[in-house]
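Residue numbers (this note's numbering): 10 to 281.
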């Protein structure tokens with residue numbers, strides 16, 4: 010018996026340990042268990058795949074476990090692991106087979122279709138099914154990317170509205186700065202700096218909150234063990250997110266800067 014890395018870690022199993030096979034669900038009192046012990050002969054390295062959560066035994070070992078259903082004494086007399094040729098001649102049921110083709114040709118491509126159409130068994134091509142799975146996950150990834158783009162656009166609009174409202178509320182202050190000798194360049198620098206600070210703080214806050222949520226989610230749902238997702242891991246792409254966010258924030262300040270620079274000082278002061 011060979012264990013996946015997650016199975017061995019979860020149940021604290023090592024090479025040489027023994028297990029017993031039983032019927033039913035885990036946690037239910039099981040009076041029907043097999044007398045044969047399964048010995049752990051190997052533990053697979055962590056791969057991040059489904060094999061980390063599986064237990065692998067040979068077909069002949071599985072048949073020996075269930076031999077008592079037909080002949081209880083037979084289980085104690087035939088414990089050898091059978092070879093592939095012996096398995097073919099063995100009077101037992103094989104529920105699945107993995108067929109590997111030596112080459113790719115018309116016959117191998119049509120093999121699965123021929124089996125499905127002309128027999129009562131089912132043939133599946135792993136490559137085709139994986140491509141279908143990738144198409145589904147690819148659509149989900151594209152949807153998530155689209156949601157991210159929409160959120161970025163909304164953040165851009167929010168910065169623009171915030172700066173525009175700040176300009177309307179502080180137009181008298183800006184006019185007084187102009188009267189006191191402040192140039193249009195100085196006013197533009199103030200607004201650009203404000204937009205930079207808003208963008209920078211918003212991006213940093215979003216990244217920190219995202220990592221905090223991911224950290225607790227990874228611990229609760231075991232994302233680190235299954236998919237290698239960790240909350241304390243920072244990706245190099247996050248630097249690009251910071252850079253793009255700052256650029257969008259600076260672009261959002263262009264119109265408020267133009268409005269502040271073209272502001273009529275005398276008209277604004279007359280309303281005080």
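Built from N, CA and C at the ideal position, the CB exists for glycine as well.
Residue i in three-state terms, based on DSSP
{"i": "residue 28", "result": "strand"}
{"i": "residue 11", "result": "strand"}
{"i": "residue 172", "result": "helix"}
{"i": "residue 243", "result": "coil"}
{"i": "residue 52", "result": "strand"}
{"i": "residue 64", "result": "strand"}
{"i": "residue 267", "result": "helix"}
{"i": "residue 160", "result": "helix"}
{"i": "residue 22", "result": "coil"}
{"i": "residue 47", "result": "strand"}
{"i": "residue 250", "result": "helix"}
{"i": "residue 17", "result": "helix"}
{"i": "residue 262", "result": "coil"}
{"i": "residue 187", "result": "helix"}
{"i": "residue 134", "result": "coil"}
Spatial distance of residue i from residue j (CA atoms)
{"i": "residue 1", "j": "residue 57", "result": "Because the chain is modelled from 10 through 281, residue 1 falls outside the range shown and cannot be assessed."}
{"i": "residue 68", "j": "residue 13", "result": "18 Å"}
{"i": "residue 31", "j": "residue 10", "result": "15 Å"}
{"i": "residue 246", "j": "residue 148", "result": "21 Å"}
{"i": "residue 218", "j": "residue 212", "result": "10 Å"}
{"i": "residue 66", "j": "residue 138", "result": "25 Å"}
{"i": "residue 107", "j": "residue 135", "result": "10 Å"}
{"i": "residue 142", "j": "residue 51", "result": "31 Å"}
{"i": "residue 117", "j": "residue 104", "result": "21 Å"}
{"i": "residue 21", "j": "residue 59", "result": "19 Å"}
{"i": "residue 29", "j": "residue 54", "result": "23 Å"}
Contact set for residue i: own chain, Cβ-Cβ below 7 Å, skip 5 residues either direction
{"i": "residue 131", "result": "125"}
{"i": "residue 180", "result": "272, 277"}
{"i": "residue 26", "result": "49"}
When the options are compared against residue i, the one with the closest alpha-carbon
{"i": "residue 255", "options": "270, 140, 162", "result": "162"}
{"i": "residue 275", "options": "185, 143, 145", "result": "185"}
{"i": "residue 266", "options": "54, 216, 198", "result": "198"}
{"i": "residue 176", "options": "230, 209, 268", "result": "268"}
{"i": "residue 169", "options": "61, 208, 238", "result": "208"}
Beta-carbon contacts of residue i that lie in its chain and below 6 Å, excluding the five residues immediately before and after
{"i": "residue 165", "result": "257, 261"}
{"i": "residue 240", "result": "220, 223, 224, 227"}
Range covered by the alpha helix (DSSP H) that runs through residue i
{"i": "residue 201", "result": "193-230"}
{"i": "residue 116", "result": "115-127"}
CB contact below 8 Å: residue i versus chain D
{"i": "residue 267", "result": "As a matter of chain content, chain D is missing from the structure shown, which is built from one protein chain."}
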